[in-house]
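Chemist: Okay, handing you the structure first.
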Amino acid sequence: MSFLSDSEWLCLNDLVLSINSIDSDREFRSTVLKKLRFLIPYESAAFFLSDLSRDLVSTPQEWKTRVFLDPLGIDVPAGMLELYTEKYWQQDMIVAHRNLTRSTVLRESDQLSPGDIDSSYMKDYLGGRHVVNVSFFNDEGFLGSLNLNRKKEEGDFSDREVQILELIEPHLTNRLSKWRVRADRSSSEIVFAHDYDVSAREIDVCRCVLSGMDNAAIAEELSISTGTVKKHLENIFRKTRVNSRVGLMALLQQYTALKQ
134 MSFLSDSEWL
144 CLNDLVLSIN
154 SIDSDREFRS
164 TVLKKLRFLI
174 PYESAAFFLS
184 DLSRDLVSTP
194 QEWKTRVFLD
204 PLGIDVPAGM
214 LELYTEKYWQ
224 QDMIVAHRNL
234 TRSTVLRESD
244 QLSPGDIDSS
254 YMKDYLGGRH
264 VVNVSFFNDE
274 GFLGSLNLNR
284 KKEEGDFSDR
294 EVQILELIEP
304 HLTNRLSKWR
314 VRADRSSSEI
324 VFAHDYDVSA
334 REIDVCRCVL
344 SGMDNAAIAE
354 ELSISTGTVK
364 KHLENIFRKT
374 RVNSRVGLMA
384 LLQQYTALKQ
């Protein structure tokens, strides 16, 4: 293919090598987003994982019940990923119009009318955007979602940029499949999240609590304020019906024991 320059092919090859060589999940997703920026300029980006304990998604209604785990963003405003996954996911028009069961690269403009775009979640809360989305599926179900975002004035993602993502998608789908299918089916965190309706960010806080961190250490670890940590803990205590960190740690240790 001639639509990439020699330097761009080198960047693409380097990205594929990273996809297949990085062991840490969060480092993998962060590296993918950072290296994609050399090939496809964007303002912000996010990489979500999906809860694989549910069955294959096949209708827009099932998309709306999908649980995202451990969102990771690049240049996303503080708290926006949590707000999106916890409250506004169902309002995103690009999601509402999808009916996917296989890995796909889509621009918002390919799916929506101008009126739909003007009323979308990102328009309302971030002042407008162009977005290209890569949804990852295998036979087990929906693996996750990668989103690149631009302001309206920066112009939509081009056909060429979509082609680049289409080249990378099979490598990402394969990597996510190998990592996640079996492990997530037995994940104590997923069982805990389902039992108590705990959000992805609240799971992050629970991990820190289980590690013995105080509120200041959790705030530093998660790049949030101590006030936000306190709010998350209050929500966790309410959902789990415990009233102390000691009680929460005891409950979390029960789920850890189940996994072992």
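Numbering of the sequence shown is given in the numbering used here, commencing with residue 134 and proceeding in unit increments. In this text, a Cβ means the ideal position worked out from N, Cα and C, and glycines have one as well. Keep in mind the model is a prediction, meaning the values are calculated, not measured.
#1: Using C-beta distances below 8 Å, list every residue in its chain close to Ile152, excluding the 5 sequence neighbours before and after it, in chain order.
#2: Are the CB atoms of Val338 and Ile297 within a distance shorter than 8 Å?
#3: Mind checking whether Asp289 and Arg240 have CB atoms under 8 Å apart?
#4: Please report how far the alpha carbon of Gln387 lies from the alpha carbon of Asp292, in whole angstroms.
#5: Taking Lys168 as the reference, give the member of Asp158, Leu182, Leu143 and Asp156 with the closest Cα.
#6: Between the C-alpha atoms of Ser358 and Val379, what's the straight-line distance to the nearest angstrom?
#7: Which stretch, first to last residue, makes up the alpha helix (DSSP H) that contains Ser163?
#8: Just to check my reading of the structure: Ala178 and Asn280 have Cβ atoms closer than 8 Å, yes? What is that Cβ distance to the nearest angstrom?
#9: In three-state DSSP terms, what is Arg262?
#10: For Leu172, which of Ser154, Glu141 and Asn146 has the nearest alpha-carbon?
#11: Which same chain residues, not among the five before or five after Ile155, have their C-beta less than 8 Å away from its C-beta?
#12: Taking DSSP as the reference, what is the three-state secondary structure of Ile155?
#13: Consult DSSP for Ala211 and reduce its assignment to one of helix, strand or coil.
#14: Comparing C-alpha positions only, which one of Val209, Arg334, Glu299 and Ser268 sits nearest to Arg262?
#15: Thinking just about the alpha-carbon of each residue, which of Glu294, Val238, Asp347 and Ala352 is nearest to the one in Tyr175?
#16: Taking C-beta to C-beta, are Phe181 and Gly277 nearer than 8 Å?
#17: For Ser278, does the three-state DSSP call read helix, strand or coil?
#18: Measure the C-alpha to C-alpha separation of Val149 and Pro204 and round it to an integer number of angstroms.
Modeler: Here's the rundown:
#1: Looking up residue 152 in the sequence shown gives position 19. If we look at Ile152 and ignore the five residues flanking it on each side, its Cβ neighbours are Phe161, Val165, Ile301, His304, Leu305 and Arg308.
#2: Residue 297 sits at position 164 when you count from the first residue of the sequence shown. Residue 338 sits at position 205 when you count from the first residue of the sequence shown. No; because the gap between Cβ atoms is not below 8 Å, this pair is not in contact.
#3: Counting from one through the sequence shown, the residue named residue 289 turns up at place 156. Counting from one through the sequence shown, the residue named residue 240 turns up at place 107. Against a cut-off of 8 Å, the Cβ pair of Arg240 and Asp289 comes out as a contact.
#4: Counting from one through the sequence shown, the residue named residue 387 turns up at place 254. Counting from one through the sequence shown, the residue named residue 292 turns up at place 159. If you take the alpha carbons of Gln387 and Asp292, they lie about 50 Å apart.
#5: On the sequence shown, position 35 is the one that residue 168 refers to. When each option's Cα is compared against that of Lys168, the closest is Leu143.
#6: Your numbering for residue 358 matches position 225 in the sequence shown. Your numbering for residue 379 matches position 246 in the sequence shown. About 22 Å.
#7: By one-based count along the sequence shown, residue 163 stands at place 30. Asp158 to Leu172 is the extent of the alpha helix (DSSP H) around Ser163.
#8: Residue numbering aside, residue 178 sits at position 45 when the sequence shown is read from its first letter. Residue numbering aside, residue 280 sits at position 147 when the sequence shown is read from its first letter. That belief holds up - the Cβ atoms of Ala178 and Asn280 are roughly 6 Å apart, short of 8 Å.
#9: Numbered from 1 along the sequence shown, position 129 holds the residue referred to as residue 262. Three-state result, Arg262: coil.
#10: Position 39 of the sequence shown holds residue 172. For the residues Ser154, Glu141 and Asn146, the minimum Cα distance to Leu172 belongs to Glu141.
#11: Within the sequence shown, numbered from 1, the residue matching residue 155 stands at position 22. Only Phe161 and Thr164 meet the Cβ criterion.
#12: Numbered from its first residue, the sequence shown carries residue 155 at position 22. Three-state result, Ile155: coil.
#13: Here the question's residue 211 lines up with position 78 in the sequence shown. Ala211 falls in the coil class under three-state DSSP.
#14: For this step, residue 262 is matched to residue 129 along the sequence shown. When only C-alpha atoms are compared, the closest one is Val209.
#15: The residue labelled residue 175 in the question sits at position 42 within the sequence shown. Nearest of Glu294, Val238, Asp347 and Ala352 to Tyr175, Cα basis: Glu294.
#16: One-based indexing of the sequence shown puts residue 181 at position 48. One-based indexing of the sequence shown puts residue 277 at position 144. The answer is yes: Cβ separation under 8 Å.
#17: Counted from its first residue, the sequence shown places residue 278 at position 145. Correct three-state label for Ser278: strand.
#18: What you label residue 149 is simply residue 16 of the sequence shown in a count that begins at 1. What you label residue 204 is simply residue 71 of the sequence shown in a count that begins at 1. Taking the straight line from one Cα to the other gives about 21 Å.
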